[in-house]
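Structure record follows, encoded as structure tokens.
2 protein chains.
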Amino acid sequence: MTATDIVAAIGEGRTTCEAVARACLERIAAREPDVHAFAHLDPDASITTARALDRSGARGPLHGVPFGVKDIIDTFDMPTEWGTPIHKGRQPGRDAACVALARKAGGLMLGKTVTTEFANLHPSPTCNPRDLKRTPGGSSSGSAAAVADFMLPVAIGTQTTGSTIRPASFCGVFGYRPTWGEHRLHGVMEASGSLDTLGVLARSVEDIALIRDVMLGIAPEPVADLPRPPRIGFCRSHVWDQVEPSTRALVEDAAARLARAGASVHDMDLPPGCERLNDAHRTISSFEFARTFTYEIENHWDEISETLRGGRLHDGIHGSFEKYIEALGIAETCRRRLDAVFDSYDLLLAPAAFGEAPEGMFAFAGVPLYQIWTTLHLPAISLPAFTGPNGMPVGVQLLAKRHADRTLFAGARWAWRALMQ
Amino acid sequence: MTATDIVAAIGEGRTTCEAVARACLERIAAREPDVHAFAHLDPDASITTARALDRSGARGPLHGVPFGVKDIIDTFDMPTEWGTPIHKGRQPGRDAACVALARKAGGLMLGKTVTTEFANLHPSPTCNPRDLKRTPGGSSSGSAAAVADFMLPVAIGTQTTGSTIRPASFCGVFGYRPTWGEHRLHGVMEASGSLDTLGVLARSVEDIALIRDVMLGIAPEPVADLPRPPRIGFCRSHVWDQVEPSTRALVEDAAARLARAGASVHDMDLPPGCERLNDAHRTISSFEFARTFTYEIENHWDEISETLRGGRLHDGIHGSFEKYIEALGIAETCRRRLDAVFDSYDLLLAPAAFGEAPEGMFAFAGVPLYQIWTTLHLPAISLPAFTGPNGMPVGVQLLAKRHADRTLFAGARWAWRALMQ
Numbered sequence: 017m018t019a020t021d022i023v024a025a026i027g028e029g030r031t032t033c034e035a036v037a038r039a040c041l042e043r044i045a046a047r048e049p050d051v052h053a054f055a056h057l058d059p060d061a062s063i064t065t066a067r068a069l070d071r072s073g074a075r076g077p078l079h080g081v082p083f084g085v086k087d088i089i090d091t092f093d094m095p096t097e098w099g100t101p102i103h104k105g106r107q108p109g110r111d112a113a114c115v116a117l118a119r120k121a122g123g124l125m126l127g128k129t130v131t132t133e134f135a136n137l138h139p140s141p142t143c144n145p146r147d148l149k150r151t152p153g154g155s156s157s158g159s160a161a162a163v164a165d166f167m168l169p170v171a172i173g174t175q176t177t178g179s180t181i182r183p184a185s186f187c188g189v190f191g192y193r194p195t196w197g198e199h200r201l202h203g204v205m206e207a208s209g210s211l212d213t214l215g216v217l218a219r220s221v222e223d224i225a226l227i228r229d230v231m232l233g234i235a236p237e238p239v240a241d242l243p244r245p246p247r248i249g250f251c252r253s254h255v256w257d258q259v260e261p262s263t264r265a266l267v268e269d270a271a272a273r274l275a276r277a278g279a280s281v282h283d284m285d286l287p288p289g290c291e292r293l294n295d296a297h298r299t300i301s302s303f304e305f306a307r308t309f310t311y312e313i314e315n316h317w318d319e320i321s322e323t324l325r326g327g328r329l330h331d332g333i334h335g336s337f338e339k340y341i342e343a344l345g346i347a348e349t350c351r352r353r354l355d356a357v358f359d360s361y362d363l364l365l366a367p368a369a370f371g372e373a374p375e376g377m378f379a380f381a382g383v384p385l386y387q388i389w390t391t392l393h394l395p396a397i398s399l400p401a402f403t404g405p406n407g408m409p410v411g412v413q414l415l416a417k418r419h420a421d422r423t424l425f426a427g428a429r430w431a432w433r434a435l436m437q
Numbered sequence: 017m018t019a020t021d022i023v024a025a026i027g028e029g030r031t032t033c034e035a036v037a038r039a040c041l042e043r044i045a046a047r048e049p050d051v052h053a054f055a056h057l058d059p060d061a062s063i064t065t066a067r068a069l070d071r072s073g074a075r076g077p078l079h080g081v082p083f084g085v086k087d088i089i090d091t092f093d094m095p096t097e098w099g100t101p102i103h104k105g106r107q108p109g110r111d112a113a114c115v116a117l118a119r120k121a122g123g124l125m126l127g128k129t130v131t132t133e134f135a136n137l138h139p140s141p142t143c144n145p146r147d148l149k150r151t152p153g154g155s156s157s158g159s160a161a162a163v164a165d166f167m168l169p170v171a172i173g174t175q176t177t178g179s180t181i182r183p184a185s186f187c188g189v190f191g192y193r194p195t196w197g198e199h200r201l202h203g204v205m206e207a208s209g210s211l212d213t214l215g216v217l218a219r220s221v222e223d224i225a226l227i228r229d230v231m232l233g234i235a236p237e238p239v240a241d242l243p244r245p246p247r248i249g250f251c252r253s254h255v256w257d258q259v260e261p262s263t264r265a266l267v268e269d270a271a272a273r274l275a276r277a278g279a280s281v282h283d284m285d286l287p288p289g290c291e292r293l294n295d296a297h298r299t300i301s302s303f304e305f306a307r308t309f310t311y312e313i314e315n316h317w318d319e320i321s322e323t324l325r326g327g328r329l330h331d332g333i334h335g336s337f338e339k340y341i342e343a344l345g346i347a348e349t350c351r352r353r354l355d356a357v358f359d360s361y362d363l364l365l366a367p368a369a370f371g372e373a374p375e376g377m378f379a380f381a382g383v384p385l386y387q388i389w390t391t392l393h394l395p396a397i398s399l400p401a402f403t404g405p406n407g408m409p410v411g412v413q414l415l416a417k418r419h420a421d422r423t424l425f426a427g428a429r430w431a432w433r434a435l436m437q
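Each protein sequence line maps, in turn, to chains G and H.
With the working numbering applied, the first sequence closes on residue 437, and no number is skipped along the way.
With the working numbering applied, the second sequence closes on residue 437, and no number is skipped along the way.
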């Protein structure tokens, strides 16, 4: 069941919060030994909370929906350890804004989902539930795996590069990265503040729209119907030749099917300068990351993975401030140019990954693709539309203008229906 | 002594970290019962740390400089309580990025300075050291009072409206608000993420430049000399008639003196649309604040002051999302228009406050002035240049283009020398 289904079923008395929570916990008990999606669970406490929700007179828009929270997002009742032994047992005294808002709406915080170390490259133990030999993608690994494996209807993640869109594509669920800046990130571990957003992993566009409004602290609005089929810009971008041929064929196929369904689909190029977004992302994220974690660098260097020490931290510690400020300027200029692109298009269509989830646990394929779209601050959805040559999911990505997240939802639902015909 | 003096004196063997720390602690012991600048102190631990610095071979750019930290900024060795009984005893497990960077540079974290409740309007117990019947200004009340009263050479604050520039003007110290976005704010309580910055309270422009570079995690650069006297735009703005006549006269006098010293000073108006920045600031800050503190609203409503519940929280909880997004757009448009203004000017000159610190403990005069400049994301310095009719300090504010903070420092030093002639 989707979150929307659960709310309806409880509202109509067809089930209870407790029954839904028990169903999730049973699925988790059966599958967690293989999938390793969770960093923390407390089944007894969850059942107690579910019963309290059943007894409560309140009926929030997320009433009774179990949700997972990436383990870089603070929760007052479970530890938040950032995927590192340095913060083992770290117990925040309050909820992050997004968690408090989801609970206020009646959601049931069921568990903390596994993150890679500091939401960076060093892999987590989580496996892809579609094939345990493969990565679920990172860094919101546990959030995507738990939703894909029917342990949870929705989970909260984050994205700084591709940490929501990538695992959504690899695991075969809907993934959403909101417009940068719209959600409060207090209580969420910062990786790179100029790029970080929340993320949502879910099983429908409607669920994404629901939990997005809840986490904004506003009254949820249903996904709108488009007044006419969308104008879609098909943007292969300068990373197209890094996309696997089989995935290129699937994205081309998506473009053709959307056109057949009535959309106007035109090839489009990114505005001039956008090829510099990859370097800009690398510069900004490394510079900021290395400063955010000064406490850990100075006091716990030996407990940081070699992957991180020799990678992003090395780059960031030695990064030039002038180059960092230049990169912020490049990003701002490109964002402004993209605004004008949306005079001609309602949505952009792009790959959601370079290919299927690879074998092994390295969770970070496709970085150049995500660097572009994340640095542009655009809202994005990955639709789990396809299956690749190895039987693994392959997503397609839709993007909209900054702050046009509702247009994105309407367009994504239209596209999903068109692709499923 | 300034921070720069302390570093030089210790470097030349004329004093020690311990002696400097003891001098600060003695001043604090003498004055704190009247001024109430500190939320937490641990003199014995500070002396131990100072001795360790004296024994250490390392000589960072802030070596031996005692500094204070506003009590909304996390420290691993002292509580961080956000000015609210709700978080009494809250002990973070790590330092905020800015604190870790200052310690890495050899700085001595001497104490947590008093903040108003959640860095919002509800007053703190801190008094203005120049006149104990008057407010020091908020919300970085303790940081400004401690520096003004020679308890500390520098202190870290924050600004979301006028929380650094205001108390700097009221207490008679140098205050600095950096370009929005340059410093990592992880470990700093968010008030309104789209507006929040760090702040610095200090006793010279050189000290501000030093601690700014330290908190950016870059090698400090000395304040540059201007190649020629600056081009200054004197911007009274649409709030000018709310400035007290005596302060208007002082700012006019500053403009005249800077012109006599060789600057080209021209009256300038804000670009069209900037009169909407006041509403935009109010909308953005209230909307974001009310969501950031959802946990406290839901779980500790009765422990929040009536000032905050009936003010910013009321406005934010009932705020419209559409109006919030519109306000973000207004702010972005105005920022872009201001960029062009700096083709003609190196610096802007404006009041730093509507007048002297008023009697009583309400710490928040001058809001409309700060709403403009803070929402524009410009870097700003308040120079403690004048004394008002009641013998209290009155600052003047200089501003520069976004990310031109080094130009601001060079111009502020030039202006300070010109004004002190």
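Glycine included, every Cβ here is placed at the ideal spot set by N, Cα and C.
Out of the options, which one is the CA nearest neighbour of residue i?
{"i": "N315(G)", "options": "P101(G), T403(G) and A265(G)", "result": "P101(G)"}
{"i": "A61(G)", "options": "D50(G), E34(G) and H52(G)", "result": "E34(G)"}
{"i": "P183(G)", "options": "L168(G), C143(G) and T195(G)", "result": "C143(G)"}
{"i": "V23(H)", "options": "G249(H), A74(H) and D58(H)", "result": "A74(H)"}
{"i": "F92(H)", "options": "D70(H), V81(H) and H56(H)", "result": "H56(H)"}
{"i": "R146(G)", "options": "R328(G), G191(G), V163(G) and G382(G)", "result": "V163(G)"}
{"i": "L137(G)", "options": "A68(G), K417(G) and G382(G)", "result": "G382(G)"}
{"i": "A112(G)", "options": "A356(G), G173(G) and R71(G)", "result": "G173(G)"}
{"i": "F425(H)", "options": "L293(H), V216(H) and A369(H)", "result": "V216(H)"}
Leaving aside the five residues before and after residue i along the sequence, list all residues of the same chain whose C-beta is less than 7 Å from its C-beta, in chain order.
{"i": "Y340(H)", "result": "T299, I300 and F303"}
Strictly below 7 Å CB to CB, what residues from chain H border residue i?
{"i": "R193(G)", "result": "By Cβ distance, chain H contributes nothing, its closest Cβ being about 17 Å from R193(G), past 7 Å."}
{"i": "I88(G)", "result": "Ordered by position in chain H, no residue passes the 7 Å Cβ test against I88(G), which lies about 11 Å from the chain."}
{"i": "R106(G)", "result": "G109"}
What does residue i touch in chain G if you count any residue whose Cβ is under 8 Å from its own?
{"i": "L201(H)", "result": "E206 and G209"}
{"i": "R325(H)", "result": "Near R325(H) there are no residues of chain G at all, since even the closest Cβ is about 16 Å away, more than 8 Å."}
{"i": "K120(H)", "result": "T310 and E314"}
Could you spell out where the alpha helix (DSSP H) holding residue i opens and where it closes?
{"i": "G27(H)", "result": "A19 to G27"}
{"i": "R247(H)", "result": "Where R247(H) is concerned, there is no enclosing alpha helix (DSSP H), although the beta strand (DSSP E) it sits in stretches over R247 to F250."}
Three-state secondary structure (DSSP) at residue i?
{"i": "G178(H)", "result": "coil"}
{"i": "K438(H)", "result": "An answer regarding residue 438(H) cannot be provided, because it is not within the stretch 17 to 437 covered by chain H."}
{"i": "I300(H)", "result": "helix"}
{"i": "Q413(H)", "result": "strand"}
{"i": "I88(G)", "result": "coil"}
{"i": "I227(H)", "result": "helix"}
{"i": "M436(H)", "result": "helix"}
Against residue i, what residues of chain H qualify as contacts under a CB-to-CB distance less than 8 Å, listed in chain order?
{"i": "D479(G)", "result": "Given a span of 17 to 437 for chain G in the structure shown, any question on residue 479(G) remains unanswerable."}
{"i": "L117(G)", "result": "R307 and T310"}
{"i": "I234(G)", "result": "F337"}
Mind pulling the chain H residues with CB within less than 9 Å of residue i?
{"i": "F92(G)", "result": "Y311 and N315"}
{"i": "G197(G)", "result": "G209, S210 and L344"}
{"i": "H103(G)", "result": "G109 and R110"}
Residue i versus chain G: which residues are under 7 Å apart at the beta carbon?
{"i": "E304(H)", "result": "R200"}
{"i": "I341(H)", "result": "H419"}
Return the first residue and the last residue of the beta strand (DSSP E) that residue i is part of.
{"i": "P367(H)", "result": "L363 to P367"}
{"i": "D50(G)", "result": "That residue, D50(G), is in no beta strand (DSSP E); its alpha helix (DSSP H) goes C33 to V51."}
{"i": "G191(G)", "result": "F190 to R193"}
{"i": "D93(H)", "result": "Note, D93(H): premise wrong, no beta strand (DSSP E); not H, not E."}
Note down, in chain order, each residue of its chain lying with its Cβ closer than 6 Å to the Cβ of residue i, except the 5 sequence neighbours on either side.
{"i": "L364(H)", "result": "G249, C251 and L415"}
{"i": "S140(H)", "result": "V130, T132 and S157"}
{"i": "A366(H)", "result": "C251 and Q413"}
{"i": "I88(G)", "result": "W98, T131, A135 and M205"}
{"i": "V255(G)", "result": "P384 and L385"}
Ordered along the chain, which non-local residues of its own chain (more than five positions away) have a Cβ less than 8 Å from that of residue i?
{"i": "G376(H)", "result": "K149, R150 and T151"}
{"i": "L78(H)", "result": "A19, V23, A118, A121, G122, G123, L226, I227 and V230"}
{"i": "H202(G)", "result": "A112 and A113"}
Beta carbon of residue i: closer than 8 Å to some heavy atom of the ligand HEM?
{"i": "L57(H)", "result": "As presented, the structure is devoid of all ligands, the ligand HEM included, so that no description of it is given."}
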